[in-house]
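Data first, discussion second: the structure below is written as structure tokens.
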Amino acid sequence: MPELIEYRLGRRDKGIPVETRISPLCQLESDIHNAHSLRLDVPASGWPPQSVRLLSETLSEASSLRVFSLNGALGLSTGDLAFFFMNVLQCRSLRILQLSDIPLDQLSPKQLAQVLAFTPESAGLESISFINAHLSGEHLISVVHFLRSWPRLRRINFHGNIFGHDQILALVALLESAPSITDVDLTNCHLDDHAVRLLANSLDDNTSIRRLVLSANPIGVRGAARLSTMLRRNSTLEALDLSGIRMDPTSMDALAQALDVNLTLRTLLLPIDP
28 MPELIEYRLG RRDKGIPVET RISPLCQLES DIHNAHSLRL DVPASGWPPQ SVRLLSETLS
88 EASSLRVFSL NGALGLSTGD LAFFFMNVLQ CRSLRILQLS DIPLDQLSPK QLAQVLAFTP
148 ESAGLESISF INAHLSGEHL ISVVHFLRSW PRLRRINFHG NIFGHDQILA LVALLESAPS
208 ITDVDLTNCH LDDHAVRLLA NSLDDNTSIR RLVLSANPIG VRGAARLSTM LRRNSTLEAL
268 DLSGIRMDPT SMDALAQALD VNLTLRTLLL PIDP
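28 is the number of the first residue of the sequence shown in my numbering; add one for each residue after it.
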């Protein structure tokens, strides 16, 4: 790790805002023990494995850390990457975990499942983001399956990963078995009409999802029509994001008619140029 590290730190003390610091690793390790939130942006050169191991061990013992955000590839070997995430997931105080641009496909599906299995039963994670994490196929299915073991989970974000048939079925099963989840972000997840139909089928009678983001997906006329039907039937969804989706006039008309019936939707984001 470089001699000086830049990070953003937030404390629970009233009157102390989130601040940016540039400090040695030893100071960062000390700050973690008193931090409420921590954001690390990994430089393009990455960090030395031994420094990352020390950092991850410190994170596992943090007692007041609620929000941890890690952005950028760590440049670690498979074993070191697995060790890092095992330790992060051991942090019992953690409530929000945000991972961006970290290639989790570096781990095999089996290794990824083993890492997630190390999460303690008392884990209190309420929100987790896997943004551009290179998840698809069996890797993504492994992640979705293990989200069931986190009973307090409310928000999931898979922005930029690839959902095919089997992956969307795994997600549908998760949403049907985890009533605590209220917020789902599937921005740019390669969802086509077939995937949207499977998702909409599960949302017809869903009573827990409050916010759904489907922005920037290749959803066609049939998918848009199925979403309109879902809005007619769903009685709890409050926010739907369809920005960045191509919709023809017929789809827009069907959506408008669905809104006449829907009594709960409060926020609807539509493409600027349908």
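Just so it is clear, CB atoms sit at the ideal spot from N, CA and C, and this is done for glycine as well.
- Cβ atoms of Ser270 and Ala252 stay farther apart than 8 Å, at about 18 Å.
- In terms of Cα proximity to Ser50, the closest of Arg35, Asn61 and Ser64 is Arg35.
- Residue pairing by DSSP places Gly37 opposite Ser64 in a beta bridge.
- Sequence-distant Cβ neighbours of Leu198 in its own chain, meaning closer than 6 Å and more than five residues away, are Val171.
- By the C-beta density criterion, Leu290 is exposed, having fewer than 16 other C-beta atoms within 10 angstroms.
- Residues of the same chain with a CB within less than 7 Å of the CB of Ala109, apart from the 5 flanking positions on each side, are Leu134, Gln138 and Val142 in chain order.
- By the criterion of a C-beta distance shorter than 8 Å, Ile168 is surrounded in its chain by Pro136, Asp193, Gln194 and Ala197, once the five residues flanking it on both sides are discounted.
- Taking Pro206 as reference, the option from Pro178, Gln284, Phe95 and Asp275 with the minimal CA-CA separation is Pro178.
- Between the alpha carbons of Thr47 and Leu55 lies a gap of roughly 11 Å.
- Comparing C-alpha distances from Ser235 to each of Val248, Arg249 and Glu265 shows the shortest one belongs to Glu265.
- Following the DSSP letters along the chain, one finds Ala266 inside the beta strand (DSSP E) bounded by residues Ala266 to Asp268.
- Under the three-state reduction of DSSP, Gln138 is assigned to helix.
- DSSP links Phe173 through a beta bridge to no other residue.
- Ranked by how close their Cα comes to the Cα of Asp68, the residues Ser57, Ser78, Ala62 and Leu97 have Leu97 in first place.
- With contacts defined as CB atoms closer than 7 Å, Leu295 and Leu267 qualify as a contacting pair.
- Residue environment for Gly164: exposed (fewer than 16 other C-beta atoms within 10 angstroms of its C-beta).
- One Cα belongs to Asn188, the other to Asp287, and the distance between them is close to 34 Å.
- Note on Ala227: 16 or more other CB atoms within 10 angstroms of its CB, so buried under the neighbour-count rule.
- Taken in chain order, the unbroken stretches of beta strand (DSSP E) that lie wholly in the stretch 215-281 and span 3 residues or more are 238-240 and 266-268.
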